[in-house]
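Asker:
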Amino acid sequence: MTESQETPITAEGEERPHRRIKSFVMRAGRMTEGQQRGLDQGGPLFILPLADSPVDYDQVFGRSAPRTLEIGFGMGHSLLEMAAAAPEQDFIGVEVHRPGVGALLNGVLTQGLKNLRVYDCDAIEVLNRCVADNSLDRLMLFFPDPWHKARHHKRRIVQLEFAELVRRKLKPGGVFHMATDWEPYAEYMLEVMSAAPGYRNQAADGAYVPRPQERPITKFERRGERLGHGVWDLKFEKVD
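Position 233 of the sequence shown, counting from 1, maps to 233 under the working numbering, and the rest follow consecutively.
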């Protein structure tokens, strides 16, 4: 789930001229035994600290490989499946929901994966502080909070400012992949991304792409399909 926060205040008490996006909404949740195992045993191995300068991920993973970052992986099922299916690629997940982090790490331990690392803090801070410009092959944002009410649209993570931040972090030719099951939010994201400079929509018709094979179908999505709900995927490629 994602949102933006109110206009931040500087140390001098003056309002900054723009809102700073915040990539999450904190929600409490009970920890299962497996999730706690993931945090206790997997945390020291796979959770990365928030750094003050760009991280050398080649050193972190011990190799140079195509690299994907996912913002808000929830309980981690899709990210875990993608990492297991593509051992030749490296994956970085960002999620603040502790049970979700624990669930993902428990899966990493159970499957013995080596190509996945996690941040358990604000994704905007991770992008700004840890990820070098022109370094990601793909950034994924699946099913972010759509903030249905019009007065809450300013809290949506997909804004022009965020699109520019993502563009800076992607390599030339890198892809920003979004998915949502809320059609008005899909239309909104399409409008924002179509206006964002430096991107090309990969959809042949200039709208949405068919569900990519590499994005696993979640239980939530299958249930929605049975109820007749749609899912919209958007892929925008960095062109400069």
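Here a beta-carbon is modelled for each residue, glycine too, at the ideal position from N, C-alpha and C.
1. Note down the Cα distance separating Val60 from Gly228, rounded to an integer number of angstroms.
2. Count the other C-beta atoms from every protein chain shown that fall within 10 angstroms of the C-beta of Thr218, then say buried if there are 16 or more, exposed otherwise.
3. How would you write the range of the beta strand (DSSP E) that Asn201 sits in, first residue to last?
4. Is it buried or exposed, Thr32, if we count other Cβ atoms within 10 angstroms and call 16 or more buried?
5. Have a look at Phe220 and Cys130 and give me their C-alpha separation to the nearest angstrom.
6. I'd like the span of the alpha helix (DSSP H) that includes Glu161, first residue to last.
7. How should Gly100 be labelled, buried or exposed, when 16 other C-beta atoms within 10 angstroms of its C-beta is the threshold for buried?
8. Taking 8 angstroms as the cut-off, decide whether the C-beta atoms of Phe91 and Leu104 are in contact.
9. Once DSSP output is grouped into helix, strand and coil, what is the label at Gly224?
10. Excluding five sequence neighbours on each side, which residues of the same chain lie with their C-beta closer than 7 angstroms to the C-beta of Gln41?
Answerer: On the basis of the coordinates in this document:
1. Along the sequence shown, one-based indexing puts residue 60 at 60. Along the sequence shown, one-based indexing puts residue 228 at 228. Val60 and Gly228: Cα-Cα distance of roughly 43 angstroms.
2. Taking the sequence shown and counting its residues from 1, one reaches residue 218 at position 218. Buried: at least 16 other Cβ atoms inside 10 Å.
3. By one-based count along the sequence shown, residue 201 stands at place 201. That run of the beta strand (DSSP E) goes Tyr199 to Asn201.
4. Position 32 of the sequence shown holds residue 32. Flag for Thr32 reads exposed.
5. Locating residue 220 in the sequence shown gives position 220, counting from the first residue. Locating residue 130 in the sequence shown gives position 130, counting from the first residue. Going from the Cα of Phe220 to the Cα of Cys130 covers about 31 angstroms.
6. If you number the sequence shown from 1, residue 161 lands on position 161. Per DSSP, Glu161 belongs to the alpha helix (DSSP H) from Leu160 to Lys169.
7. Within the sequence shown, the letter at position 100 stands for residue 100. Classification of Gly100: buried, given that the 10 Å Cβ count is 16 or more.
8. Along the sequence shown, read from residue 1 onward, the residue named residue 91 stands at position 91. Along the sequence shown, read from residue 1 onward, the residue named residue 104 stands at position 104. Not a contact, by the Cβ cut-off of 8 angstroms.
9. Taking the sequence shown and counting its residues from 1, one reaches residue 224 at position 224. Here Gly224 sits in helix by DSSP.
10. Along the sequence shown, read from residue 1 onward, the residue named residue 41 stands at position 41. Taken in chain order, the residues that qualify are Leu109.
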